[in-house]
Amino acid sequence: MNYISVQNIDSLSEWVKQALKIKKKPLKNKKLGKNKTLGMLFFNPSLRTRLSTQKAALNLGMNVMVMNFTNEGWTLEFEDGAIMDQGASEHIKEAAEVVSQYCDIIAVRAFAGLVDKDKDNAETVLAGFLKFATVPVVNMEGCTGHPLQALADAITMQEHKTEHRPKVVLSWAPHPKALPQAVANSFVSMMQLQDADFVITHPEGYELNPEITKNSVIEYDQNKAFENADFIYTKNWSNYTDYGKITNSDPNWTVTAEKMTLTNNAKFMHCLPVRRNVVVADEVLDSENSIVIEQANNRTYAAQLVLQKILENGH
Amino acid sequence: MNYISVQNIDSLSEWVKQALKIKKKPLKNKKLGKNKTLGMLFFNPSLRTRLSTQKAALNLGMNVMVMNFTNEGWTLEFEDGAIMDQGASEHIKEAAEVVSQYCDIIAVRAFAGLVDKDKDNAETVLAGFLKFATVPVVNMEGCTGHPLQALADAITMQEHKTEHRPKVVLSWAPHPKALPQAVANSFVSMMQLQDADFVITHPEGYELNPEITKNSVIEYDQNKAFENADFIYTKNWSNYTDYGKITNSDPNWTVTAEKMTLTNNAKFMHCLPVRRNVVVADEVLDSENSIVIEQANNRTYAAQLVLQKILENGH
Amino acid sequence: MNYISVQNIDSLSEWVKQALKIKKKPLKNKKLGKNKTLGMLFFNPSLRTRLSTQKAALNLGMNVMVMNFTNEGWTLEFEDGAIMDQGASEHIKEAAEVVSQYCDIIAVRAFAGLVDKDKDNAETVLAGFLKFATVPVVNMEGCTGHPLQALADAITMQEHKTEHRPKVVLSWAPHPKALPQAVANSFVSMMQLQDADFVITHPEGYELNPEITKNSVIEYDQNKAFENADFIYTKNWSNYTDYGKITNSDPNWTVTAEKMTLTNNAKFMHCLPVRRNVVVADEVLDSENSIVIEQANNRTYAAQLVLQKILENGH
């Protein structure tokens, strides 16, 4: 069993229930991971993912080996049949097969380069590990998805659920740097597994990959989208059509207290790290309705559920 | 309970006694830290602090998650109300609150920048974690203090105590790079908690922060200061008045065997790393009177005492 | 007991036997390393060595503290009597003595600089730790040798041994970057402890250090060397005479399927990472005769045997 995308979740409601059970007694399965080793391979920076996934493994009694691939290891080649006379020292085939012998589970983080859309969509690094690793692989954020985040998001929404069918809004917000679409993509895919009034709002031209958004409702008027919302999930992403570019930095898209008044006293969510007063105003982030810290906390239980399922599968 | 400065020590003699007890049986409290996690966050290089604090946690049975914040995580913003459209990706508020959820204790190392005195005195990073973390915070060397070092220093002096009230000299020495005042500051504060004939010696103009030195005796004549000393603690610091500058590199301040003859067969101390034959001559560092290696060893027990106190407090 | 070179192996056949026993029950000695700490100090990148040595320590129940010395610690001075007014912050004497107090075993990786042959042959870093450390030291690849690799190689060959006295060929291959001779050296030294028809093949002028190759047979004709070989061990190294230079990049030395037909259905070995289609063709590396992945797997058991011997010695 791998955990590469939200599609790997067979029953979201069941998973969320199980994760909340883990959250209540995080050390209950401390023996499950005994003598098992999680290898965490980072091709990009990480705070929450790094520490929460590690913590999840420790809660399960696992050993953890953390490696920053970029500066601690060798540059990898991913192309089949490549004549490796350039910068790359090692082919993913050997790297993945070798690491599989030292680890029972491999977790990988490798962001989008945001230069070559096809290459990013191919998830070169993650797909390479998936192809050649002989042990389960966990996605700690790839080019196009961040399914551990989406699972944590689902857990968090369950904890704050409304009595009625909730209205959930994914709202784009401006950002000074070009960011990947990964978090937004996985959130969309996760929402498609839920019964909710789900609306995506962003400036025209900022459409996410249509193969991911599918039939999800898109509303270009942010104010209209916010109306009666129960959850506002904010996240910047760079342009997907004009790939990796920042074509809009309109500060009117920043989530403010005023905009939140349009909602049904909505909870505010964000995956973090968040640019204060650019993506969202202090007044919102510091309000009682902000659940971003609990959302980050749930990263541990999302990761722990995934690791637990893999460990149980392996027995 | 936090351990941010020497002022957090309620009874130095009691703490030193307890640390020496730990040193005798370092694994006695191996169960105390079970299922507890220490997060060690580094904003600067570290050898002794990194390994001894980790070792201390392991001796207590804790899990340890080590993170080099500078290259593994996100650039932090510390200003309240900042519009984060520049380099920083995450505000200390979120970072500290989030890490608090994965760790039972957070230890932080963040050196002085030596450019802006007010900013350094404000201990931006450490104060940020202290303000927003919801778990105890340990100072692994901040801009203005290094209290784990000072505690190890006190332990080491106790092991080598004289029968009479000791004369302890903190002596400045030259150094090719501009260094923080942190170690010297904490040593001074720690000595102010002891009954000793304590003298600080440095070139005129190299006064430490007077709010820290208070009434401590300053003697500009190094030779005179060394007379009958029982402990010579050497350390370079950059100019505090002409902030962060090197205004003196007089090699006559280097501690030599000849100078040591002025003392009462004094023990030689230094926090390490030390520049040989610049700060102190080989002949002194390699002499029987040098206790720098034991001093480094005691870093483990200083850290272990602090972690133990925090863990006991938490129960 | 240290493990610095292949010469530290008292009986290769006995060690290989013991390692294969460990491989069968890797967790059998899980209590041996309890409360013991391995410090792994890296001055260079590492994948296999990093993870396999760590895994070996975990299998023995040890704690592991990993440190990338180059960017996490202080620049070291190695010269005796140096006036340290330049770049280096700490002398190896203090560093090694201090780390010895936090760790029960110190493992060090420090590659050849390939600029100054005498300095590389002196193994400055490793020799420094060996001289000043007060606990056992393990070589995780130095300038001139990689004995953990050679031990893993011996284990792997034993697993694939022929009924007759095997013919083993160490074949140079081209490479776009100047590489150290360490792996080749240790392989040669290890082969000299075995009963085999051992042949080294490389272009004229690419002789390894004659003090290492001694009486080992050198055959400049690669095809002739390959004839009837049972094991082809391929590895690039830069010129030892014209020190650290690439004076040959003849693609005819690449190991191809055609060349392998000259052998006695030989197993193909390489320490990895390997440059595909430069050092060896895909067709060989991906063939059934390639045992490079198992060779990497055996790194764990080589390291575990060494750590186990040191731990047993220490009791």
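Residue numbers (my numbering), protein chains in the order written: chain A, 2 to 316; chain B, 2 to 316; chain C, 2 to 316. Every residue gets a Cβ at the ideal spot worked out from N, C-alpha and C, and that includes glycine.
B/V139 counts as buried, since no fewer than 16 other beta carbons sit within 10 angstroms of its beta carbon. Taking C-alpha positions only, C/E295 is separated from C/V17 by approximately 15 Å. C/A111 is not a Cβ neighbour of C/F133, given a cutoff of 7 Å.
Counting only the Cα atoms, A/K268 lies some 13 Å from A/E284.
Scanning chain A for C-beta atoms nearer than 7 Å to the C-beta of C/A297 yields V99, Q102, reported in chain order. A/Q182 is the residue among A/L33, A/H92, A/W75, A/Q182 whose C-alpha sits nearest the C-alpha of A/E142.
Within its own chain, the residues whose Cβ lies closer than 8 Å to the Cβ of B/L306, once the five positions on either side in sequence are excluded, are W16, Q19, A20, I23, L152, listed in chain order. Ranked by how close their Cα comes to the Cα of A/Y241, the residues A/P252, A/A185, A/R276 have A/A185 in first place. One finds P46, L48, P274 in chain C with Cβ atoms closer than 7 Å to the Cβ of A/W75, taken in chain order. In the three-state reduction of the DSSP assignment, A/A108 falls in the strand class, which pools E and B. Residue pairing by DSSP puts B/G40 in a beta bridge opposite B/M66, B/I107. Within the segment 177-229 of chain C, complete beta strand (DSSP E) segments of at least 3 residues are found at 198-202, given in chain order. Sequence-distant Cβ neighbours of C/H147 in its own chain, meaning closer than 6 Å and more than five residues away, are A183, V184, S187. Under the three-state reduction of DSSP, C/E80 is assigned to coil, being neither helix nor strand. In the structure shown, C/Y302 adopts helical secondary structure according to DSSP, grouped into three states. The Cβ of B/M66 sits closer than 7 Å to at least one Cβ of chain A. When C-beta distances to chain B are compared with 7 Å, the residues of the segment 150-184 of chain A below that value are P177, in chain order. At a cut-off of 7 Å between C-beta atoms, C/S288 does not count as an interface residue with respect to chain A. C/E73 is bridged by DSSP to nothing; it lacks a bridge partner.
The segment 203-220 of chain A and the segment 268-278 of chain A do not touch, with fewer than three beta-carbon pairs separated by less than 8 Å. Rounded to whole angstroms, the gap between the alpha carbons of B/Q223 and A/N45 is 51 Å. Any Cβ of chain B closer than 7 Å to the Cβ of A/R110 would place that residue at the interface, and such an atom is absent. If you look at C/L171, you'll find it in the beta strand (DSSP E) that goes 168-172. About 6 Å separates the beta carbon of C/V280 from that of C/T235, a gap short enough to meet the 8 Å contact definition. Of the residues assessed, A/D11 falls on the exposed side of the cut-off, its CB having fewer than 16 other CB atoms within 10 angstroms. The three-state reading of DSSP puts A/R277 in strand, counting E and B together. Per DSSP, A/T264 lies in no alpha helix (DSSP H) segment and is marked neither H nor E. Chain-ordered listing is empty here: chain C has no CB closer than 9 Å to the CB of A/N60, the nearest sitting near 17 Å.
Across the set A/A174, A/Y302, A/Y103, A/S217, the C-alpha of A/Y103 shows the shortest separation from the C-alpha of C/A297. In the DSSP assignment, the residues bridged to C/E91 are C/L77. Here the segment 153-165 of chain C does not lie against the segment 121-130 of chain C, with fewer than 3 beta-carbon pairs under 8 Å apart.
Within its own chain, no residue has a Cβ closer than 7 Å to the Cβ of C/E80 once the five positions on either side in sequence are excluded. Under the three-state reduction of DSSP output, C/S291 falls in the strand class. Selection C/L209, C/A174, C/G34, C/P177 evaluated against C/S190 yields C/L209 as nearest (Cα-Cα). Using beta-carbon distances, A/V307 does not count as an interface residue toward chain B, since no partner is under 7 Å. For B/E228 and C/A108, the gap between their C-alpha atoms comes out near 44 Å.
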